[in-house]
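The structure under discussion appears below in the form of structure tokens.
Protein chains: 2
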Amino acid sequence: MKKLLLLSALLISATFSQAQDSLTIRRFYDEALVNGQAYDNLRYLCKQIGQRLSGSAGAEKAVAWSKKLMDSYGFDKVYLQEVMVPHWVRGAKEEAYIIDGNKKIPVPVAALGMSVGTPASGITANVIEVKSLKELETLGESVIKGKIVFFNGAFDQRFIETGAGYGAAGVQRFAGPSAAAKYGAIGAIVRSITPALDDYPHTGATAYADGVNKIPAAAISTVAANKLSAMLKLRKLPLIKFYLKQSCQTLPDVKSYNVIGEIKGSENPNRIITVGGHLDSWDLAEGAHDDGTGVMQSVEVLRILKATGYKPKNTIRAVFFMNEENGHKGGIKYAEEAAANKEEHIAAIETDEGGFTPRGFSFEGASPAFLKAVNAKWKTLLEPYEADRLVEGGGGTDIGPLKETRPAIRLIGFRPDSQRYFDIHHTPNDVFENVNKRELHLGAAAITSLVYLIDQYGLNL
Amino acid sequence: MKKLLLLSALLISATFSQAQDSLTIRRFYDEALVNGQAYDNLRYLCKQIGQRLSGSAGAEKAVAWSKKLMDSYGFDKVYLQEVMVPHWVRGAKEEAYIIDGNKKIPVPVAALGMSVGTPASGITANVIEVKSLKELETLGESVIKGKIVFFNGAFDQRFIETGAGYGAAGVQRFAGPSAAAKYGAIGAIVRSITPALDDYPHTGATAYADGVNKIPAAAISTVAANKLSAMLKLRKLPLIKFYLKQSCQTLPDVKSYNVIGEIKGSENPNRIITVGGHLDSWDLAEGAHDDGTGVMQSVEVLRILKATGYKPKNTIRAVFFMNEENGHKGGIKYAEEAAANKEEHIAAIETDEGGFTPRGFSFEGASPAFLKAVNAKWKTLLEPYEADRLVEGGGGTDIGPLKETRPAIRLIGFRPDSQRYFDIHHTPNDVFENVNKRELHLGAAAITSLVYLIDQYGLNL
Numbered sequence: 000m001k002k003l004l005l006l007s008a009l010l011i012s013a014t015f016s017q018a019q020d021s022l023t024i025r026r027f028y029d030e031a032l033v034n035g036q037a038y039d040n041l042r043y044l045c046k047q048i049g050q051r052l053s054g055s056a057g058a059e060k061a062v063a064w065s066k067k068l069m070d071s072y073g074f075d076k077v078y079l080q081e082v083m084v085p086h087w088v089r090g091a092k093e094e095a096y097i098i099d100g101n102k103k104i105p106v107p108v109a110a111l112g113m114s115v116g117t118p119a120s121g122i123t124a125n126v127i128e129v130k131s132l133k134e135l136e137t138l139g140e141s142v143i144k145g146k147i148v149f150f151n152g153a154f155d156q157r158f159i160e161t162g163a164g165y166g167a168a169g170v171q172r173f174a175g176p177s178a179a180a181k182y183g184a185i186g187a188i189v190r191s192i193t194p195a196l197d198d199y200p201h202t203g204a205t206a207y208a209d210g211v212n213k214i215p216a217a218a219i220s221t222v223a224a225n226k227l228s229a230m231l232k233l234r235k236l237p238l239i240k241f242y243l244k245q246s247c248q249t250l251p252d253v254k255s256y257n258v259i260g261e262i263k264g265s266e267n268p269n270r271i272i273t274v275g276g277h278l279d280s281w282d283l284a285e286g287a288h289d290d291g292t293g294v295m296q297s298v299e300v301l302r303i304l305k306a307t308g309y310k311p312k313n314t315i316r317a318v319f320f321m322n323e324e325n326g327h328k329g330g331i332k333y334a335e336e337a338a339a340n341k342e343e344h345i346a347a348i349e350t351d352e353g354g355f356t357p358r359g360f361s362f363e364g365a366s367p368a369f370l371k372a373v374n375a376k377w378k379t380l381l382e383p384y385e386a387d388r389l390v391e392g393g394g395g396t397d398i399g400p401l402k403e404t405r406p407a408i409r410l411i412g413f414r415p416d417s418q419r420y421f422d423i424h425h426t427p428n429d430v431f432e433n434v435n436k437r438e439l440h441l442g443a444a445a446i447t448s449l450v451y452l453i454d455q456y457g458l459n460l
Numbered sequence: 000m001k002k003l004l005l006l007s008a009l010l011i012s013a014t015f016s017q018a019q020d021s022l023t024i025r026r027f028y029d030e031a032l033v034n035g036q037a038y039d040n041l042r043y044l045c046k047q048i049g050q051r052l053s054g055s056a057g058a059e060k061a062v063a064w065s066k067k068l069m070d071s072y073g074f075d076k077v078y079l080q081e082v083m084v085p086h087w088v089r090g091a092k093e094e095a096y097i098i099d100g101n102k103k104i105p106v107p108v109a110a111l112g113m114s115v116g117t118p119a120s121g122i123t124a125n126v127i128e129v130k131s132l133k134e135l136e137t138l139g140e141s142v143i144k145g146k147i148v149f150f151n152g153a154f155d156q157r158f159i160e161t162g163a164g165y166g167a168a169g170v171q172r173f174a175g176p177s178a179a180a181k182y183g184a185i186g187a188i189v190r191s192i193t194p195a196l197d198d199y200p201h202t203g204a205t206a207y208a209d210g211v212n213k214i215p216a217a218a219i220s221t222v223a224a225n226k227l228s229a230m231l232k233l234r235k236l237p238l239i240k241f242y243l244k245q246s247c248q249t250l251p252d253v254k255s256y257n258v259i260g261e262i263k264g265s266e267n268p269n270r271i272i273t274v275g276g277h278l279d280s281w282d283l284a285e286g287a288h289d290d291g292t293g294v295m296q297s298v299e300v301l302r303i304l305k306a307t308g309y310k311p312k313n314t315i316r317a318v319f320f321m322n323e324e325n326g327h328k329g330g331i332k333y334a335e336e337a338a339a340n341k342e343e344h345i346a347a348i349e350t351d352e353g354g355f356t357p358r359g360f361s362f363e364g365a366s367p368a369f370l371k372a373v374n375a376k377w378k379t380l381l382e383p384y385e386a387d388r389l390v391e392g393g394g395g396t397d398i399g400p401l402k403e404t405r406p407a408i409r410l411i412g413f414r415p416d417s418q419r420y421f422d423i424h425h426t427p428n429d430v431f432e433n434v435n436k437r438e439l440h441l442g443a444a445a446i447t448s449l450v451y452l453i454d455q456y457g458l459n460l
């Protein structure tokens, strides 16, 4: 009987706390949807500051403004965390054309981030089309040497989440130019990594392996890639050549900052839940969805907690990481400092997949048992907000290094709807106008809700 | 032992059929994502035909082209279903301004569908602002008589699905002008029903109650509504007046058509599963999301079934309903004909909430037991596609009348993500460019999957 009473008491208390949680979460959503400030903050970041590639004047302005913004919210602590970052610059607008006998057909290209430039007169060479790194390997040096390699592997439309398609096709951009250089290629052009058929080159970083000759590499629009591929099929070598001129270069590293704000935990000030996105962006547009939305949601989480009067037990921290796009130096630095300061990190949530309608969260390396527990406890709380897809999956680039220095941490990725992200990703179309206010604010509310649940119950479910 | 064997056999067969279903659904998605034609068809409908309000030349063109499209797919039967529809025309562009002493401040308005026009010289009157029909009632004839009533109830941002917010605020537009006329108002302006703060008037139908004096009614943009409201607060009556001029009118009814295509059922040709959207649109734009996406998804469902070689047991029918926007005559006619022809309708699925990322389906009047069963059987099949939210909720305007003539039917609404819909709904922004190809095609695949499951297993779960 005593046991039964205890069980009843536990059940009643669990039901009561579910009801309390449900009310608290509803308050977060009301605050976000009625008084949300992420959208207006994003407008400022996009329209008054604009592009903010690491090392640029825009990045410097963004750091200063972000700190001011956090200060204005009256968080318990706001500070900058110094970090040295690469300073790559695009230089003059790229030029490229397909040469078909006497005809020159201009095509839209954009240098890949961290690529070297061409000589001032550009490069001209025959083109070898490949669909994968494997195909490149099969052809080998005898075919590749002296040529421009055209990586034309298409985005696989069959993936339901576009992030998976980006990962699969993306290897061509990350690793393709370096692999082509190994076989003596003099340049590389890479089909834009997007499900869309459009006229924009989608830029993004590439990386050269150590000891490899650094060759110039550029993204080409999907429409132009299709055209080039069709021409190569029709005309064969050596009639079709390609001309590329770009003047990008990497300057000496520059001092920059992560921007950090926090609300101190009332019970465990040294236990931390981090929410973050990246403040830097590519240089072609305003970095609205990538990742202005992420940083503005991160600071909004703290604002919502404060505005609704919630006093967290643990310290809640918003981090604007610097240099996600071409170096990840901000994320690495943050993890180093967390270790140096012996901070206990419970969880880090990254929002860097666009400011679209929330679908849920992915828990990196989650066991089936953990997923079962997290769904059993929290799914019904998030279901009314349609942000209840709690699955295994990656956390994110910026929080990744924390796993190495703070192994007890749980890394979590915010998962918005993925369909539109790679249409605009790394193009001139990544502008404020393509962000929907409600979608952005629903995301901030969803993240706030998860932060709250972790703060209340931890993650040892 | 025999029982146990039977149970095992049933279990094995259930598991096997789940696996088969899973493969079949994957084939539908591959076909939609790789070879989908809804997007290109929609481009034609929007760009080559454009607006297609009932009775307009655009509607007539759309009917002819839709039939040709269905014919080109080689369905078993393609036909037109005659229906008389209202013929309302907007006339010359509306004019409106706020009169503040000697100042005239122009504001964007659009006549509500089915509204009467003003006299050629327009109407000018003092303005009474109300936030609800209840407030109007409280004021009564002594205050309202001779005035223009300004319905300024705002869209409640707290709803998670915007459709709920639309319904709540929408009553002002549907019923407001008629209610104001009852108290002697000479005109009505209605705040656009949208969560967005923008400069577009969002049109839509209004209705006059029998015997009530028909007064001119127009939608006003949310930005202008805020301005007018602020001016009324500052200046009070009678300084602020409002001028409205519109020349819309309702002409005699016109003959039009529902466009219908079907694949005959191999086992039960007289048992029907209907999938439909509406072909007519408002006159201000291209009716892309409302409801070009719906009709193009509906025909795509049949195309996908054919392309993947699926032979349905029951007849699958795509219906392009005419006149959803201002009369519902197509839906009413379809239900009448279904009764007259003694057709057995198993289910009707309506897609008229935009061509956005699928979230799931709503089953009208579903009991908790039905919802439990449908989730137990089908949720895991739809989960990989994130279209697994199977809930109670409305079917749709066009299929609604079927419930009266075919009471055994199950009405189902396709539920895409709702966040962006009412930003562009009934405005000049409802154009092809605001539709995402993958989102549209994912929707077609989701509906095809549900049609398949209903065809295989029925809805007596």
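The listed protein sequences correspond, in order, to chains A and B.
Read in numbering that gives the first Met the number 0, the first sequence has 413 at position 414, and its numbers run on one by one without any break.
Read in numbering that gives the first Met the number 0, the second sequence has 130 at position 131, and its numbers run on one by one without any break.
Idealized CB from N, CA, C, for every residue including glycine.
Unbroken beta strand (DSSP E) run spanning residue i, endpoints
i	result
Val258/B	Gln248 to Ile262
Ala217/B	Ala216 to Ile219
Thr379/B	Looking at the DSSP string, Thr379/B is not in any beta strand (DSSP E); the run it does join, the alpha helix (DSSP H), is Pro367 to Leu381.
Lys244/B	Ile239 to Lys244
Met466/A	This structure leaves residue 466/A out entirely; chain A is present only between 0 and 460.
Asn340/B	No beta strand (DSSP E) holds Asn340/B; DSSP gives it neither H nor E.
Phe360/B	Pro357 to Phe362
Residues sharing a beta bridge with residue i, DSSP
i	result
His102/A	It is worth fixing the name first, because residue 102/A is Lys in this sequence and not His. Answer by DSSP bridge pairing, in chain order: Asp99/A.
Thr273/A	Arg316/A and Ala347/A
Asn151/A	Partner(s): none; Asn151/A has no beta bridge.
Asn267/B	Asn313/B
Asn125/B	Lys240/B
Residues that residue i contacts on chain A, provided the C-beta gap is smaller than 8 Å
i	result
Thr356/B	Thr356, Asp416 and Gln418
Asn435/B	Gln418, Arg419 and Asp422
Closer than 8 Å to chain D by CB, residue i
i	result
Asp75/A	Annotation note: the requested chain D is absent from the structure, which comprises protein chains A and B.
Interface residues of chain B facing residue i [CB-CB closer than 7 Å]
i	result
Glu30/A	The premise fails here: Glu30/A is roughly 10 Å from chain B at the closest Cβ pair, so nothing lies under 7 Å.
Tyr384/A	Ile159
Val33/A	Gln156 and Arg157
Contacting residues, own chain, Cβ-Cβ under 8 Å from residue i (five flanking each side not counted)
i	result
Leu250/A	Gly54, His86, Trp87 and Val88
Lys67/B	none
Thr117/B	Gly186, Pro215, Leu243, Lys244, Gln245 and Ser246
Lys378/A	Asp387 and Leu389
Any non-hydrogen atom of the ligand HEM within 7 Å of residue i CB
i	result
Lys328/B	Questions concerning the ligand HEM fall outside what the structure shown contains, since it holds no ligand whatsoever.
Neighbouring residues, chain B, relative to residue i (Cβ below 9 Å)
i	result
Pro268/A	Result: empty, since nearest Cβ-Cβ is about 34 Å, beyond 9 Å.
First and last residue of the uninterrupted alpha helix (DSSP H) at residue i
i	result
Leu301/B	Thr292 to Ala306
Ser143/A	Checking the displayed sequence, the identity of residue 143/A turns out to be Ile instead of Ser. Here the alpha helix (DSSP H) through Ile143/A covers Leu132 to Ile143.
Arg437/A	Lys436 to Tyr456
Leu68/B	Ala56 to Ser71
Leu41/B	Ala37 to Tyr43
Own chain residues within Cβ distance below 7 Å of residue i, not counting five before or after
i	result
Leu304/B	Ile262, Pro311, Ile315 and Thr447
Lys402/A	Ile408 and Leu410
Arg157/B	none
Close-in-space but distant-in-sequence residues of the same chain around residue i (CB under 6 Å, 5 per side omitted)
i	result
Asn322/B	Ser53, Val84, Asp279, Lys328 and Gly329
Using a Cβ-Cβ cutoff of 7 Å, what residues of the stretch 142-176 of chain A are near chain B? List them in chain order. Gln156, Arg157 and Ile159
Members of the stretch 181-200 of chain B that neighbour chain A once the beta carbon cut-off is set at 9 Å: Pro194, Ala195 and Leu196
Name the residues in the stretch 379-411 of chain A whose C-beta lies less than 8 Å from a C-beta of chain B; which are they? Pro383, Tyr384, Glu385 and Arg388
Going along the chain, which residues of the stretch 437-455 of chain B sit with their C-beta nearer than 8 Å to a C-beta in chain A? Arg437, Glu438 and Leu441
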